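Numbering (my numbering), first residue to last: 4 to 372.
Below: the structure, in structure tokens.
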Ligand SMILES: Cc1ncc(COP(=O)(O)O)c(C=O)c1O
């Protein structure tokens, strides 16, 4: 079976080298030496400061909301993984869905303005598929209305915007290091804070509220263990190979399919990490027919992100998100994808549709890059 993604397993001896260190140190958790090394190396690699490793990307969001004192409502996108909005609900914050931009599939600043009300204390946009949001527009809205901005950057590991890490925008940006992500630590995540004091509060919050041996805050346990950091460090050692292989698969898909399928318009000045390869069909029935053909030969692409989250509850109706969620399919994308399978996927996809004339989206570059 060919899934949509498979974890990258680093060379075993490399991983064992880090595990031997865990055994020698006999410190398995509680901000041990490997977690500290991972933090320092990630800050260097990503070009950011105030990065806090945590147990997963969902807790990264929850801790960021707490550290920044969110309450009331937060505006977010319905076109994302369910954790973006369920993490808000778990913190007692009401998610309000605003619709997405039909070309980029990211949260639309214009639609955000339409649903602002006095109870809104924050924006939680998502860099969907690693495609940076309109960060300048969200910064502007936040300044005007005195809101916090937390970017869910679960898909955006290593992405840069105009030469700077996309994680530098917002009061905080969160990452997921789940096994299926471009960079992973089996389970894991991180928060990048703009301000040192928010980072320091979050350090307490992930450790039961402890600071200098005393409980001074209402915390929880969201610490990363040394064994998870060991996987993170060994994947980081191989990240350039991971990105190069993903980039090659992306190039092959793109060259073969660009004239057949609409694809999300990519942010001007943004690099990419090849986390996903999404294509848009002209209708849901066409998508389902092609998905069936792929399934028949053991290939299982995924409908990321379906359904649009505004269909699951009472919070807002977002027609653009609903339409794109019905028509988008992510093709298998992982470093070990076999060459013959890649060829087969391309051939089934390309033969399923005649080439089309692509729309030009002003101000946004194409999927190429
Ligand atoms: C957009 C988004 N946010 C949050 C998460 C949650 O991350 P984790 O699985 O590490 O808890 C994911 C996970 O895939 C995600 O895709």
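C-beta atoms are modelled at their ideal positions from N, C-alpha and C, and glycine is treated no differently.
Just so you know, these numbers come straight off a predicted model, no measurement behind them.
>> Closer than 6 angstroms to a non-hydrogen atom of ligand 1 - does that hold for the CB of residue 155?
In response: Numbered from its first residue, the chain shown carries residue 155 at position 152. For ligand 1, at least one heavy atom lies less than 6 angstroms from the Cβ of residue 155.
>> Pop quiz: residue 280 and residue 307 are said to be a contact at Cβ under 8 angstroms. What is the actual Cβ separation, rounded to whole angstroms?
In response: As a working note, residue 280 is residue 277 in the chain shown. As a working note, residue 307 is residue 304 in the chain shown. So it is not a contact: roughly 10 angstroms between Cβ atoms.
>> Going by the DSSP bridge assignment, what does residue 168 pair with across the sheet?
In response: Numbered from 1 along the chain shown, position 165 holds the residue referred to as residue 168. Answer by DSSP bridge pairing, in chain order: 163.
> Buried or exposed: which applies to residue 167, given that a residue is buried once 16 or more other Cβ atoms fall within 10 Å of its Cβ?
Replying inline: Your numbering for residue 167 matches position 164 in the chain shown. When all chains shown are included, residue 167 counts as exposed.
> Which runs of the beta strand (DSSP E) spanning at least 3 residues fall entirely within the region 287 to 368, listed in chain order?
Replying inline: Counting whole runs of 3 or more residues, the region 287 to 368 contains the beta strand (DSSP E) stretches 331 to 333.
>> Between which two residues does the alpha helix (DSSP H) holding residue 244 run?
In response: Here the question's residue 244 lines up with position 241 in the chain shown. According to the DSSP assignment, residue 244 belongs to the alpha helix (DSSP H) that extends over 242 to 260.
> Taking all protein chains shown into account, do 16 or more other C-beta atoms lie within 10 angstroms of the C-beta of residue 163, making it buried, or fewer, making it exposed?
Replying inline: In the chain shown, the residue the question calls residue 163 occupies position 160. It counts as buried.
>> Taking 8 angstroms as the limit between beta carbons, can you name the residues of its chain near residue 349, skipping five residues before and five after?
In response: For this step, residue 349 is matched to residue 346 along the chain shown. The answer, listed in chain order, is 255, 256, 259 and 260.
>> Taking 6 angstroms as the limit between beta carbons, can you name the residues of its chain near residue 365, skipping five residues before and five after?
In response: The count along the chain shown starts at 1 and reaches residue 365 at position 362. Residue placement at residue 365 is poorly supported in this model, since its pLDDT is 46, which falls under 50; the coordinates are not used for a value here.
>> Rounding to the nearest angstrom, what Cα-Cα distance links residue 105 and residue 324 in this structure?
In response: If you number the chain shown from 1, residue 105 lands on position 102. If you number the chain shown from 1, residue 324 lands on position 321. For residue 105 and residue 324, the distance between alpha carbons rounds to 8 angstroms.
>> Quick check: what's the CA-CA separation for residue 330 versus residue 100?
In response: Sequence index remark: in the chain shown, residue 330 carries index 327 (1-based). Sequence index remark: in the chain shown, residue 100 carries index 97 (1-based). A straight line joining the alpha-carbon of residue 330 with that of residue 100 spans about 20 angstroms.
> Using a threshold of 6 angstroms, is the CB atom of residue 168 nearer than that to any non-hydrogen atom of ligand 1?
Replying inline: Residue mapping note: residue 168 aligns to position 165 of the chain shown, counting from 1. It does not: the Cβ of residue 168 is nowhere closer than 6 angstroms to a heavy atom of ligand 1.
> Are the beta-carbon atoms belonging to residue 189 and residue 231 less than 7 angstroms from one another?
Replying inline: Taking the chain shown and counting its residues from 1, one reaches residue 189 at position 186. Taking the chain shown and counting its residues from 1, one reaches residue 231 at position 228. Less than 7 angstroms separates the beta-carbon of residue 189 from that of residue 231.
> Given that a residue counts as buried once 16 or more other Cβ atoms are within 10 Å of its Cβ, and exposed if not, what is residue 204?
Replying inline: Numbered from 1 along the chain shown, position 201 holds the residue referred to as residue 204. With 16 or more other Cβ atoms within 10 Å, it is buried.
>> Closer than 6 angstroms to a non-hydrogen atom of ligand 1 - does that hold for the CB of residue 87?
In response: Here the question's residue 87 lines up with position 84 in the chain shown. Yes, the beta carbon of residue 87 sits closer than 6 angstroms to at least one heavy atom of ligand 1.
>> Using 7 angstroms as the threshold, is the C-beta distance between residue 103 and residue 83 below it?
In response: On the chain shown, position 100 is the one that residue 103 refers to. On the chain shown, position 80 is the one that residue 83 refers to. Taking 7 angstroms as the Cβ cut-off, residue 103 and residue 83 do not qualify as a contacting pair.
> When the Cα of residue 327 is compared with those of 287, 343 and 357, which residue comes out closest?
Replying inline: Here residue 327 refers to the residue found at position 324 of the chain shown. For residue 327, the nearest C-alpha among the options comes from 287.
> Who are the near neighbours of residue 333 in its chain, counting only those whose CB is closer than 7 angstroms to its CB and skipping five residues on each side?
Replying inline: Start at 1 with the first residue of the chain shown, and residue 333 comes out as number 330. In the same chain as residue 333, and ignoring 5 residues on each side of it, the C-beta atoms closer than 7 angstroms to its own belong to 7, 279, 280, 281, 304, 305 and 307, in chain order.
>> Quick test of your reading: residue 70 and residue 208, contact by CB under 8 angstroms. State the CB separation rounded to the nearest angstrom.
In response: Here residue 70 refers to the residue found at position 67 of the chain shown. Here residue 208 refers to the residue found at position 205 of the chain shown. Right, their Cβ atoms sit about 6 angstroms apart.
> Helix, strand or coil: how does DSSP classify residue 111 here?
Replying inline: Taking the chain shown and counting its residues from 1, one reaches residue 111 at position 108. Three-state result, residue 111: coil.
> Ordered along the chain, which non-local residues of its own chain (more than five positions away) have a Cβ less than 8 angstroms from that of residue 11?
Replying inline: Within the chain shown, residue 11 is the residue found at index 8, counting from 1. In its chain, beyond the 5 residues on either side, 187, 238, 241, 245, 337, 338 and 339 have a beta carbon closer than 8 angstroms to the beta carbon of residue 11.
>> Distance check for residue 159 and residue 266, CA to CA, integer angstroms please.
In response: Position 263 of the chain shown, counting from 1, holds the residue named residue 266. Position 156 of the chain shown, counting from 1, holds the residue named residue 159. Distance between the alpha carbons of residue 266 and residue 159 is about 18 angstroms.
> Between residue 263 and residue 356, is the Cβ-Cβ spacing less than 7 angstroms?
Replying inline: Here residue 263 is taken as the residue at index 260 of the chain shown, counted from 1. Here residue 356 is taken as the residue at index 353 of the chain shown, counted from 1. Yes; because the gap between Cβ atoms is below 7 angstroms, this pair is in contact.
>> Using only CA atoms, which one of 268, 175 and 221 lies nearest to residue 68?
In response: Taking the first residue of the chain shown as 1, we reach residue 68 at position 65. The shortest C-alpha separation from residue 68 is found at 175.
> Looking at the structure shown, is residue 192 part of a helix, part of a strand, or coil, going by DSSP?
Replying inline: To locate residue 192, count along the chain shown from 1; it is residue 189. Three-state DSSP puts residue 192 in a strand.
> Does DSSP classify residue 151 as helix, strand or coil?
Replying inline: Taking the first residue of the chain shown as 1, we reach residue 151 at position 148. Under the three-state reduction of DSSP, residue 151 is assigned to strand.
>> Per DSSP, what are the beta-bridge partners of residue 55 in this structure?
In response: Mapped onto the chain shown, residue 55 falls at position 52. The partner list for residue 55 (beta bridge, DSSP) reads 194.
> Under the rule that 16 or more other beta-carbon atoms within 10 Å means buried, what is residue 136, buried or exposed?
Replying inline: The residue you call residue 136 lines up with position 133 of the chain shown. Label assigned to residue 136: buried.
> Is residue 210 helix, strand or coil by DSSP?
Replying inline: Looking up residue 210 in the chain shown gives position 207. Note: residue 210 maps to strand in three-state DSSP.
> How would you write the range of the beta strand (DSSP E) that residue 283 sits in, first residue to last?
Replying inline: Counted from its first residue, the chain shown places residue 283 at position 280. For residue 283, the enclosing beta strand (DSSP E) has its first and last residue at 281 to 283.
>> Am I right that residue 144 and residue 116 are in contact with their C-beta atoms under 8 angstroms? What's the rounded C-beta distance?
In response: The residue labelled residue 144 in the question sits at position 141 within the chain shown. The residue labelled residue 116 in the question sits at position 113 within the chain shown. Between residue 116 and residue 144 the Cβ distance is about 7 angstroms, and since that is below 8 angstroms, they are a contact.
>> By the DSSP assignment, the beta strand (DSSP E) with residue 97 in it spans what residues?
In response: Taking the first residue of the chain shown as position 1, residue 97 is located at position 94. Where residue 97 is concerned, the enclosing beta strand (DSSP E) stretches over 97 to 100.
> What whole-angstrom Cβ distance do residue 193 and residue 55 have, given they're in contact under 8 angstroms?
Replying inline: On the chain shown, residue 193 is found 190 positions in, with the first residue counted as 1. On the chain shown, residue 55 is found 52 positions in, with the first residue counted as 1. Indeed they touch by this definition, with Cβ atoms about 6 angstroms apart.
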